[in-house]
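K.L.:
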Amino acid sequence: MAFHLNSASKKQGHLKQQYDEKLIDLIRDIHQHYTTLVQLQQNAYDLPEELRIFEKIAEAKYLFLLREAKERQLQADISAPKKAKQFRWRKRTNRAEDIFHSE
């Protein structure tokens, strides 16, 4: 019985690790898409309203995924220093397992 419980906890840990990796990959993809849209908006003279809508949707997805990563306490380089400053998150120095701490 103890072996069964131990193998179940290992399986849960493995599944969590898989989902965390998928989340990090998704965050990177959405971040790249979002920054591309922002750069396009900054460089374009006359931008269609449709692209502004896509940019807002990409921003909402990106911020949602960042919050999910914070809740799951993921540690990864997701290239978001500006967003961390926007939410006034700072790195904790006393606990290595926390990425950001809301002030």
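For the sequence shown, the numbering used here gives the first residue as 632, with consecutive numbering after it. Backbone N, C-alpha and C define an ideal beta-carbon position, used for all residues, glycine too.
Relative to the alpha-carbon of His703, which residue among His645, Lys641, Leu654 has its alpha-carbon at the smallest distance?
P.N.:
Along the sequence shown, one-based indexing puts residue 703 at 72. Note on identity: in this sequence residue 703 is Arg, with His being the wrong assignment. With distances taken between Cα atoms, Arg703 lies closest to Leu654.
K.L.:
Whose C-beta lies closer than 8 Å to the C-beta of Leu657 among residues of the same chain, with five residues either side of it excluded?
P.N.:
Here residue 657 is taken as the residue at index 26 of the sequence shown, counted from 1. For Leu657, where only same-chain residues beyond five positions count, the Cβ hits under 8 Å are Leu696.
K.L.:
Am I right that Leu671 and Ala689 are in contact with their C-beta atoms under 8 Å? What's the rounded C-beta distance?
P.N.:
Taking the first residue of the sequence shown as position 1, residue 671 is located at position 40. Taking the first residue of the sequence shown as position 1, residue 689 is located at position 58. About 11 Å; that fails the 8 Å criterion.
K.L.:
Using three-state DSSP, classify Arg659 as helix, strand or coil.
P.N.:
Looking up residue 659 in the sequence shown gives position 28. Three-state DSSP puts Arg659 in a helix.
K.L.:
Let's see if you can read the secondary structure: which residues bound the alpha helix (DSSP H) around Ala675?
P.N.:
Mapped onto the sequence shown, residue 675 falls at position 44. Note, Ala675: premise wrong, no alpha helix (DSSP H); not H, not E.
K.L.:
Cα-Cα, which of Gln643, Asp677, Tyr693, Tyr676 is closest to Thr666?
P.N.:
Here residue 666 corresponds to residue number 35 of the sequence shown, with the count starting at 1. The residue with the shortest Cα to Cα distance from Thr666 is Tyr693.
K.L.:
Please report the straight-line C-alpha distance between Gln663 and Glu686, rounded to a whole angstrom.
P.N.:
Counting from one through the sequence shown, the residue named residue 663 turns up at place 32. Counting from one through the sequence shown, the residue named residue 686 turns up at place 55. Answer to the nearest angstrom: the Cα atoms are 12 Å apart.
K.L.:
Is the CB-CB distance between Leu739 and Asp651 below 8 Å?
P.N.:
In the structure as shown, the chain starts at 632 and stops at 734, and residue 739 therefore has no counterpart that could be examined.
K.L.:
What does a CB cutoff of less than 8 Å around Leu646 pick up in its chain, not counting 5 residues either side in sequence?
P.N.:
On the sequence shown, residue 646 is found 15 positions in, with the first residue counted as 1. Excluding residues within five positions, none has a Cβ falling inside 8 Å.
K.L.:
Indicate the three-state DSSP secondary structure (helix, strand or coil) for Glu682 in the structure shown.
P.N.:
To locate residue 682, count along the sequence shown from 1; it is residue 51. For the record, residue 682 in the displayed sequence is Leu; it is not Glu. Leu682: helix per DSSP, three-state reduction.
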